[in-house]
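Novice: Residue numbers (full-length UniProt numbering), protein chains in the order written: chain A, 1 to 216; chain B, 1 to 303. Mind having a look at this structure? Questions to follow.
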Amino acid sequence: MSVLVDNFDLFVGGFLRSLEIIAYALVGSLVLGTLLAVLRVSPVPPLQRFAAFYVGIVRNSPLTVMLFVTAFVLPELGFNAPFFWLGILGLVLYTAGFVCEAIRAGINAVPTGQAEAARSIGLTFGQTLQEVVMPQALRSVVPPLGSVVIAMMKNSAVLGVFGVGQDLLSVGNRLTSAQGFAVTPVLFGVLLGYLAITLPTGALLSVVERKVAILR
Amino acid sequence: MSQSVLYDAPGPRARRRSLVISVVAGLVLVGLLVLAGLRLHREGQFAPELWSPLLWPGDEQFPAVWRQLGRGVYYTLLAAALAITFSLVIGTAVTTTRLMLGRRGRMPLVVLVELLRGSPVVVLIFFAGKILPAFGVDLSNLWYLVIGLTLYNSVVIAEILRAGVAALPRGQAEAGLAIGMTRRQTMLVVQMPQAFRLMLPALISQLVVIVKDTSLAGLILTGPDELLRISERVFRFLDNPLQTYTVIALVYIVVNLLLSRLATFAERRLSTARQGQPVTIDKDAAQMAANRELGGAGGGAGI
Numbered sequence: 001m002s003v004l005v006d007n008f009d010l011f012v013g014g015f016l017r018s019l020e021i022i023a024y025a026l027v028g029s030l031v032l033g034t035l036l037a038v039l040r041v042s043p044v045p046p047l048q049r050f051a052a053f054y055v056g057i058v059r060n061s062p063l064t065v066m067l068f069v070t071a072f073v074l075p076e077l078g079f080n081a082p083f084f085w086l087g088i089l090g091l092v093l094y095t096a097g098f099v100c101e102a103i104r105a106g107i108n109a110v111p112t113g114q115a116e117a118a119r120s121i122g123l124t125f126g127q128t129l130q131e132v133v134m135p136q137a138l139r140s141v142v143p144p145l146g147s148v149v150i151a152m153m154k155n156s157a158v159l160g161v162f163g164v165g166q167d168l169l170s171v172g173n174r175l176t177s178a179q180g181f182a183v184t185p186v187l188f189g190v191l192l193g194y195l196a197i198t199l200p201t202g203a204l205l206s207v208v209e210r211k212v213a214i215l216r
Numbered sequence: 001m002s003q004s005v006l007y008d009a010p011g012p013r014a015r016r017r018s019l020v021i022s023v024v025a026g027l028v029l030v031g032l033l034v035l036a037g038l039r040l041h042r043e044g045q046f047a048p049e050l051w052s053p054l055l056w057p058g059d060e061q062f063p064a065v066w067r068q069l070g071r072g073v074y075y076t077l078l079a080a081a082l083a084i085t086f087s088l089v090i091g092t093a094v095t096t097t098r099l100m101l102g103r104r105g106r107m108p109l110v111v112l113v114e115l116l117r118g119s120p121v122v123v124l125i126f127f128a129g130k131i132l133p134a135f136g137v138d139l140s141n142l143w144y145l146v147i148g149l150t151l152y153n154s155v156v157i158a159e160i161l162r163a164g165v166a167a168l169p170r171g172q173a174e175a176g177l178a179i180g181m182t183r184r185q186t187m188l189v190v191q192m193p194q195a196f197r198l199m200l201p202a203l204i205s206q207l208v209v210i211v212k213d214t215s216l217a218g219l220i221l222t223g224p225d226e227l228l229r230i231s232e233r234v235f236r237f238l239d240n241p242l243q244t245y246t247v248i249a250l251v252y253i254v255v256n257l258l259l260s261r262l263a264t265f266a267e268r269r270l271s272t273a274r275q276g277q278p279v280t281i282d283k284d285a286a287q288m289a290a291n292r293e294l295g296g297a298g299g300g301a302g303i
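Pasting the structure below:
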């Protein structure tokens with residue numbers, strides 16, 4: 001276990017880098033996912049179909065393929081950015097599809113009468129969504145959205161394999177393959193780092209869930 | 001939502017407005033596609049020789065590319081099938097054990113489940129692929145992949161099943177016990193089959209996740225020729241990332257869509273309501289119910 005102690009600063013650096021990736025990806029995917037969900041329930045068929053198509057593609061292909069596309073195909077098409085951002089972009093594009101599905105499920109769970117009532121007192125689509133449907137949908141959607149977020153945190157490890165930056169998994173990988181440290185303690189350190197991210201988030205989410213739950 | 005309740009009431013003015021928005025949105029989307037297409041055309045990405053190994057039987061590389069892709073699909077499905085089988089068996093065993101133990105006795109199991117559920121699949125495949133050899137276990141890479149996937153997915157499936165058991169009416173277990181079955185018989189003969197049916201949608205989306213997760217092997221292990229690893233060979237034929245990854249993504253999407261279609265069919269055949277009438281379980285609702293029940297550090301949507 002001395003590997004862990006000796007290289008503690010490396011591990012902490014990787015941990016912080018992972019948190020950085022997660023923070024950017026979280027903001028990006030929540031925003032993009034909500035937009036997609038709005039498109040999917042909007043009264044405009046082409047937008048609905050576009051969002052449905054996007055979600056269908058994303059949900060049925062692996063994150064790794066998405067990352068290959070953003071990391072290798074986008075630069076080929078003239079979209080150049082540091083690898084770090086391309087990786088985050090891939091994670092955002094991927095997670096947004098799942099965020100969209102979670103939020104849409106929440107919108108579906110709001111009783112039809114709510115939207116009908118809002119429409120019948122003369123609110124527009126935008127107002128109905130913003131004032132009546134979304135506040136209820138978002139509260140009921142905390143558990144599934146929470147799972148998506150936690151899955152995203154775990155998926156950020158895939159970026160490490162891609163060598164996006166000095167994140168937790170790539171630090172572990174470098175220690176074992178380049179510097180020849182024993183595999184077992186290093187990997188346990190990496191695993192501990194990820195658990196230190198996911199387990200508290202899970203606990204936090206169940207607290208939030210209990211706070212905002214609506215009794216129906 | 002097939003028919004959005006948020007729709008404008010179909011008055012003439014609203015219909016006109018909806019039409020205008022539709023046309024504008026359609027034009028914008030088509031415009032974006034055309035722009036992207038033009039760009040690709042300028043880059044020469046549509047040149048026939050770049051695609052011919054895929055599309056043109058006259059090209060001598062044509063059979064090679066498709067043979068490789070077929071090989072990739074075979075290994076991907078093989079690994080997924082093995083992982084799914086093991087995960088289902090172990091998951092059922094974990095749930096049964098967990099529900100039969102007392103509060104004190106199940107503690108270690110609960111901790112283990114939470115730890116595995118909270119860790120990334122990539123790291124678990126790393127564990128299987130690097131730590132087992134360090135301990136002298138020498139298997140082929142396909143098995144490391146299967147072990148890594150099973151470690152993660154068996155506890156996820158266990159949690160899905162637990163949610164299913166929790167959703168069953170209490171009377172089911174009471175009836176089983178009342179006619180003299182043991183706890184284990186009640187669990188395996190009465191509760192589990194119902195839980196399986198109830199959680200079928202959640203289970204099926206987990207199976208698609210497993211198929212997608214096999215692609216991680218392409219990044220980590222140098223061995224099983226699953227689909228993503230095959231991309232290196234396809235890359236050799238096509239010599240172009242756009243073509244290669246388009247093809248690989250398409251193959252994944254086709255495989256997964258076919259699997260989901262098959263799964264929906266199975267779902268319709270297997271799911272039954274209490275009174276024996278067939279019902280279609282709303283996928284989203286079931287997933288939400290599962291997630292609400294589960295909470296914790298899992299993650300319904302895997303990679």
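Cβ coordinates follow ideal geometry from the N, Cα and C atoms, glycine included. Here the structure is a predicted model, which is why all the values come from computation and not from measurement.
Which first and last residues belong to the alpha helix (DSSP H) in which lysine 154(A) is found?
Specialist: Per DSSP, lysine 154(A) belongs to the alpha helix (DSSP H) from 142-162.
Novice: Considering just the uninterrupted stretch of the alpha helix (DSSP H) at glutamate 20(A), what are its terminal residues?
Specialist: Here the alpha helix (DSSP H) through glutamate 20(A) covers 8-41.
Novice: Counting only Cβ pairs nearer than 7 Å, list the residues of chain B close to alanine 157(A).
Specialist: Near alanine 157(A) (Cβ distances below 7 Å), the residues of chain B are Pro120, Val122, Val123.
Novice: Is isoleucine 179(B) helix, strand or coil when you go by DSSP?
Specialist: Three-state DSSP puts isoleucine 179(B) in coil, outside helix and strand.
Novice: Measure how close the beta-carbons of valine 41(A) and isoleucine 107(A) come, nearest whole angstrom, since I'm counting them as under 8 Å.
Specialist: About 6 Å separates the two Cβ atoms, so the contact holds.
Novice: Which term fits phenylalanine 126(B), buried or exposed, when burial requires 16 or more other beta carbons within 10 angstroms of its beta carbon?
Specialist: Result: buried.
Novice: From Val209(B), Arg229(B), Ala47(B), pick the residue whose C-alpha is nearest to that of glycine 218(B); which is it?
Specialist: The shortest Cα separation from glycine 218(B) among Val209(B), Arg229(B), Ala47(B) belongs to Arg229(B).
Novice: Just checking, does the stretch 108-124 of chain A make contact with the stretch 52-68 of chain A on the three C-beta pairs under 8 Å criterion?
Specialist: Touching, no.
Novice: Buried or exposed: which applies to leucine 19(B), given that a residue is buried once 16 or more other Cβ atoms fall within 10 Å of its Cβ?
Specialist: The residue is exposed, with fewer than 16 neighbouring Cβ atoms inside 10 Å.
Novice: I believe leucine 258(B) touches leucine 200(B) by the beta-carbon criterion, under 8 Å. Please report the beta-carbon distance rounded to the nearest angstrom.
Specialist: Between leucine 200(B) and leucine 258(B) the Cβ distance is about 18 Å, and since that is not below 8 Å, they are no contact.
Novice: Hey, could you find the ends of the alpha helix (DSSP H) residue 306(B) is sitting in?
Specialist: As shown, chain B starts at 1 and ends at 303. That puts residue 306(B) outside it, with no answer to give.
Novice: Check aspartate 213(B) in the structure and name its three-state DSSP category.
Specialist: Reduced to three states, the DSSP call for aspartate 213(B) is helix.
Novice: For leucine 88(B), which of Gly31(B), Val190(B), Pro12(B), Asn153(B) has the nearest alpha-carbon?
Specialist: It is Asn153(B).
Novice: Mind pulling the alpha helix (DSSP H) runs of 4 or more residues that sit fully within the stretch 36-103 of chain B?
Specialist: DSSP runs (the alpha helix (DSSP H)) wholly in the stretch 36-103 of chain B: 48-55, 62-100.
Novice: Does the contact criterion of 3 or more C-beta pairs under 8 Å hold for the stretch 175-195 of chain A versus the stretch 113-126 of chain B?
Specialist: Yes, since at least three Cβ pairs between the stretch 175-195 of chain A and the stretch 113-126 of chain B fall closer than 8 Å, the two stretches touch.
Novice: Mind listing the chain B neighbours of tyrosine 194(A)? Cutoff is C-beta to C-beta under 8 Å, in chain order.
Specialist: Those within 8 Å of tyrosine 194(A) in chain B are Gly118, Ser119, Pro120, Val123.
Novice: Which of the three DSSP states, helix, strand or coil, is assigned to alanine 213(A)?
Specialist: Alanine 213(A): coil per DSSP, three-state reduction.
Novice: Determine the DSSP secondary structure at leucine 294(B), reduced to helix, strand or coil.
Specialist: Annotation note: pLDDT 48 at leucine 294(B) (below 50); position unreliable, coordinate value reported separately. Reduced to three states, the DSSP call for leucine 294(B) is helix.
Novice: Take alanine 51(A) and list the residues in its own chain whose beta-carbon comes closer than 6 Å to its own, dropping the five residues that flank it on each side.
Specialist: Excluding residues within five positions, the ones whose Cβ falls inside 6 Å are Leu36, Leu39, Arg40.
Novice: Just the chain B side, please: which residues come within less than 9 Å of glutamate 76(A) by C-beta, in chain order?
Specialist: Glu43, Gln45, Asn240, Pro241, Leu242, listed in chain order.
Novice: Can you tell me the Cα-Cα spacing of glutamine 172(B) and valine 190(B), whole angstroms?
Specialist: Answer to the nearest angstrom: the Cα atoms are 7 Å apart.
Novice: Shortest alpha-carbon distance to leucine 169(A) belongs to which of Gly146(A), Arg210(A), Gly13(A)?
Specialist: Closest by alpha carbon: Gly13(A).
Novice: Is it buried or exposed for isoleucine 303(B), if we count other Cβ within 10 angstroms and need 16 for buried?
Specialist: Bear in mind that a pLDDT of 46 at isoleucine 303(B), under 50, signals an unreliable position, so the number given afterwards is only what the model happens to contain. Per the 10 Å Cβ criterion, buried.
Novice: I'd like to know if serine 61(A) contacts chain B, where contact means its C-beta is closer than 7 Å to some C-beta of that chain.
Specialist: It does; some Cβ of chain B falls within 7 Å.
Novice: Does the separation of the CB atoms of alanine 83(B) and valine 211(B) fall below 7 Å?
Specialist: Against a cut-off of 7 Å, the Cβ pair of valine 211(B) and alanine 83(B) comes out as no contact.
Novice: From the DSSP output, in three-state form, read off phenylalanine 50(A) for me.
Specialist: In the structure shown, phenylalanine 50(A) sits in a helix (DSSP, three-state: H, G or I).
Novice: For leucine 109(B), report the span of its alpha helix (DSSP H) as first-last.
Specialist: Counting along the chain, the alpha helix (DSSP H) containing leucine 109(B) begins and ends at 107-117.
Novice: Measure from the alpha carbon of threonine 195(A) to the alpha carbon of each residue in Leu161(B), Val111(B), Val247(B), then state which is nearest.
Specialist: Checking the displayed sequence, the identity of residue 195(A) turns out to be leucine instead of threonine. Measuring from the Cα of leucine 195(A), the nearest candidate turns out to be Val111(B).
Novice: Put valine 3(A) into one of helix, strand or coil per three-state DSSP.
Specialist: Reduced to three states, the DSSP call for valine 3(A) is helix.
Novice: Below 7 Å on C-beta distance, what does alanine 25(B) contact in chain A?
Specialist: Simply Val44, Pro46, Leu47.
Novice: If you follow the alpha helix (DSSP H) that proline 193(B) is in, where does it begin and where does it stop?
Specialist: Unbroken alpha helix (DSSP H) run through proline 193(B): 192-198.
Novice: Rounded to whole angstroms, what is the Cα-Cα separation between residue 225(A) and asparagine 240(B)?
Specialist: Because chain A in this structure spans residues 1 to 216, residue 225(A) falls outside the shown range and cannot be described.
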